[in-house]
Amino acid sequence: MVRRFVVLAASAALSTAALAVDTLPSRPALSDLDPTLLEQAKTIVDNSRAIAADASPHDYEWVKRAGEEVRASTGERDGAADNSSHPPPHPLGDGEKTLIFVSWSMGARAIEDILVAYDGVPGVGVVFRGIPEDVPMATAVARMQRLTKVTRSTTPILLDPLAFLRHGVFAVPSIGREDGEQHQVAFATGSSSTSLLSQRVAQGKRGNLGSFGSTTEIIEPDLMAVAKSRIEQLDVGAMKQRAIARFWDKQPGFVLPTVEHSSIRPVDPSVIIPQDILGPDGRVVIKAGRMNPLDVMPFGIKLVVIDPTSSWQVDLARREVATKDGLQVIVIASHIPGSTSDVGPSGWELFNDVQDSIAAPLYLLQQDLAARYQVTAVPSVVTAEDKKFVVREISQSDAQGAIDAIR
């Protein structure tokens, strides 16, 4: 048990073998590129949040729901439908509700009058089918929110193309009543009067009650149809290729200077334990003070840090991999030039070429690793001897001589 806690403490303090194997940057793979695509989605979400700051929360709940419906109808969901996933609560509540369908074709004043008329009336909402063509979402939502600000009405304004579909709305104004399950109770066109609709319902009339007055066209296209069309137009393959091409632009690494003169220097791995480390029984396992983790954990690794754009350094790495000397050899690239590089191979082409050349996985240097082993130039080879790390910086002439000697 004591040995176990000593090893755990040493591992935490030093992060030697565990660091080199487990927390070294893992070899990038195509399956790791999904976060890059998600980064694009995050930008869209961030932009949407800026819009939502000025918009009614009801608006965006139903925009999101419309998007989910589009994805479901186009088979964009991954795997089987999750029965535990439910749409968000309706902003008008769970019970019976009255929807007044409008369009900007009616004019802002007519819509404002409706909002004022039903201010404070529970279960009543004003519904748009979508946003006008060639109008950005941010502008459209802000315009709807402005209606609320001008009228000071608490009547929710919804963006719900599904409601238009449920009630078969093709002209405005129209009014519909539905139960808690969103099933139609009654519907009529040419009016926004809830009292008139209530009278007909009280008389026992249900379903489509016809027209109560004049109507105008709906100028906003169906938001769901627009979203579906845009999804169908997406070139997912091209998006993935762009993400792959940009991957290394987001992985800068460190451009380190090239070694001019070979040198060997020791690095003391000792760390300071700020307080006693106790075992489960309360006994002191490791006393506070200075500790050399190499006293309890061997370092059976050889770290080879190179500039992958340098052919002679790649040759050096290949030699080190071939002459393992009983150690696990880990080759680390100081950096991989991104797609914007105009000097030689870059990105995935360079990454794959180097891996093929050294016949071993290639990793990318991280700042904490460079600092821990005091790697300040390339190429550097890090091993451990006599309870210390040994950093060998190798010049081109010395590296070439060693390679020629092997040949």
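In mature numbering (1 follows the signal peptide of the UniProt record, and there is no 0), the protein residues as written are -20 to -1, 1 to 387.
Note that CB positions come from ideal geometry on N, CA and C, so glycine has one too.
The model shown is predicted, which means the values in this text are computed figures rather than measured ones.
Cβ atoms of residue j and residue i: under 9 Å apart, would you say?
i      : j      : result
THR78  : GLY156 : yes
SER326 : ILE310 : no
ILE281 : SER314 : no
ILE111 : LEU214 : no
ALA207 : GLY187 : no
PRO273 : SER250 : yes
SER154 : ILE80  : yes
LEU330 : PRO288 : yes
TRP292 : GLN354 : no
ARG226 : GLY100 : no
ILE374 : LEU296 : yes
THR119 : THR128 : no
PRO201 : ARG109 : yes
Tell me residue i's beta-bridge partners as DSSP assigns them.
i      : result
LYS368 : GLU365
LYS282 : VAL309
SER360 : VAL285, GLU373
ARG157 : THR78, ALA166
GLY187 : ALA166
ARG245 : VAL371
THR303 : According to DSSP, THR303 bridges with nothing at all.
VAL106 : ILE80, ILE137
ARG352 : DSSP output for ARG352 lists no bridge partner at all.
LEU258 : VAL264
TYR343 : ILE312
GLY269 : ILE253
For residue i and residue j, what's the separation of their Cα atoms in angstroms?
i      : j      : result
VAL50  : LEU177 : No answer about VAL50 holds up, because its pLDDT of 43 lies below 50 and its placement is not dependable.
GLU161 : LEU72  : 12 Å
VAL265 : MET271 : 12 Å
ASP114 : ILE137 : 21 Å
VAL294 : VAL334 : 7 Å
HIS147 : TRP228 : 51 Å
GLN179 : GLU158 : 15 Å
ALA339 : ARG298 : 7 Å
VAL121 : GLU76  : 26 Å
ARG126 : MET219 : 36 Å
GLY332 : LEU142 : Checking the displayed sequence, the identity of residue 332 turns out to be Asn instead of Gly. Spanning the two alpha carbons is a distance of roughly 49 Å.
ALA88  : VAL107 : 14 Å
LEU139 : HIS163 : 18 Å
GLU212 : GLY184 : 44 Å
ASP256 : LEU349 : 26 Å
ALA205 : MET117 : 15 Å
ASP248 : ARG263 : 28 Å
PRO260 : ILE252 : 22 Å
THR303 : SER242 : 20 Å
ALA182 : LEU145 : 25 Å
VAL149 : SER209 : 21 Å
SER290 : GLY324 : 10 Å
Going by alpha carbons, who is nearest to residue i out of the options?
i           : options                        : result
VAL370      : ASN188, ASN272, PRO246         : PRO246
PRO254      : ILE244, ARG263, ALA268, SER242 : ALA268
ALA151      : SER290, SER172, THR135         : SER172
GLY105      : GLU365, ALA223, ALA351, HIS70  : HIS70
ARG372      : VAL362, ASP366, GLY381         : VAL362
LEU345      : ASP74, VAL301, ALA357, SER377  : ALA357
SER83       : ILE94, GLU76, ASP74            : ILE94
PRO341      : ALA205, VAL301, ARG210         : VAL301
PHE192      : PHE144, ALA168, THR238, GLY324 : ALA168
residue 410 : GLY262, LEU349, ALA364         : Past the edges of the chain, shown from -20 to 387, lies residue 410, and the structure says nothing about it.
ASP74       : LYS230, ASP256, ALA90, GLY103  : GLY103
GLN221      : TRP328, GLU92, ALA90           : TRP328
SER133      : GLU92, SER209, ASP378          : GLU92
GLN234      : PHE144, SER377, ALA351         : In the sequence as displayed, the identity of residue 234 is Phe instead of Gln. When each option's Cα is compared against that of PHE234, the closest is ALA351.
VAL239      : TYR98, VAL96, SER377           : SER377
TYR98       : VAL149, THR131, ARG109, THR119 : THR131
LEU236      : GLN347, VAL96, ALA90           : GLN347
TYR343      : GLY324, SER290, GLN231, VAL181 : GLN231
Under the assumption that residue i contacts residue j (Cβ atoms under 8 Å), give the Cβ distance between them as a whole number of angstroms.
i      : j      : result
VAL284 : ILE244 : So it is not a contact: roughly 15 Å between Cβ atoms.
GLY217 : SER194 : That pair is no contact at about 50 Å.
ASP305 : LYS367 : Actually they are not in contact, since the Cβ atoms of ASP305 and LYS367 sit about 18 Å apart, beyond 8 Å.
MET86  : THR196 : 6 Å
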